[in-house]
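In UniProt numbering, the protein residues as written are 1 to 246. All C-beta atoms, glycine included, are put in the ideal place defined by N, C-alpha and C.
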């Protein structure tokens, strides 16, 4: 009885956790530059006397799907899509450098280039970018920001910082949804990285596959619950037999 309950409990818990991950992905299917979370099962032996045969099935978030989302043409001057494996550098809420694939930029009331959350977009020197008032801004493929004010000639303001993490050292997603280097240090500017202005990258979540996965996880959870009910029925039957024999 104990083993049946334990098996069912661990299976139901893993299925519930998987549903949570898939639900989070589905909720961000429309978030620009979002990277789908990937989850895996792993076995964790239970410690303690009498538990040597017990293994706990744990659903763990193993990383994210590092594949580009679909390109969406907007024609907006301050929209940009990082090409290849490049990422935009922004200033996180903790003041440290963070990275994102969401290239929807705007100018803050203070005259700084910021992302859609109001966080400063960083230059290749690692500093916020100031925009002259009443100027027309354009973005070059290398990240160069050019401002044109009135009848004056265009002036290069700064270059948006683009980084490309090493293949063997992927970025790590933080609790705020932004990414950082695994070691915590700021990555160097990638001079060869390019962007596509007037376009943005959509989420790489496959909505259909995610919904199918949620249905499968839901059915798995139901099966584990039925197993619990079966165990309870068997336990009652065994108790009745013992009472009759007594």
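Entirely within the stretch 101-144 and at least 3 residues each: give me those beta strand (DSSP E) ranges in chain order.
105-107, 113-115 and 136-139
Quick one: is residue 79 buried, meaning 16 or more other Cβ sit within 10 Å of its Cβ, or exposed?
buried
So, does the CB of residue 216 fall closer than 8 Å to a CB anywhere in chain D?
Considering every chain present, this structure includes no chain D. It has just one protein chain.
Reference residue 8, options 236, 226 and 233, closest by Cα:
226
Using a threshold of 8 Å, state whether the C-beta atoms of residue 150 and residue 69 are closer than that.
no
State the start and end residues of the unbroken beta strand (DSSP E) segment that holds residue 160.
It is not in any beta strand (DSSP E) - residue 160 carries neither H nor E in the DSSP assignment.
So what does DSSP say about residue 196, is it helix, strand or coil?
strand
CB of residue 184 within 8 Å of CB of residue 159, strictly:
no
Could you name the residues of the same chain whose beta carbon sits closer than 8 Å to that of residue 190, not counting the 5 residues immediately before and after it, in chain order?
86, 162, 163 and 164
Using 8 Å as the threshold, is the C-beta distance between residue 72 and residue 92 below it?
no
Which of the three DSSP states, helix, strand or coil, is assigned to residue 1?
Its pLDDT being 49, under 50, residue 1 is placed unreliably in this model, and the coordinates cannot settle the point.
For residue 230 and residue 11, the rounded distance between their alpha carbons:
15 Å
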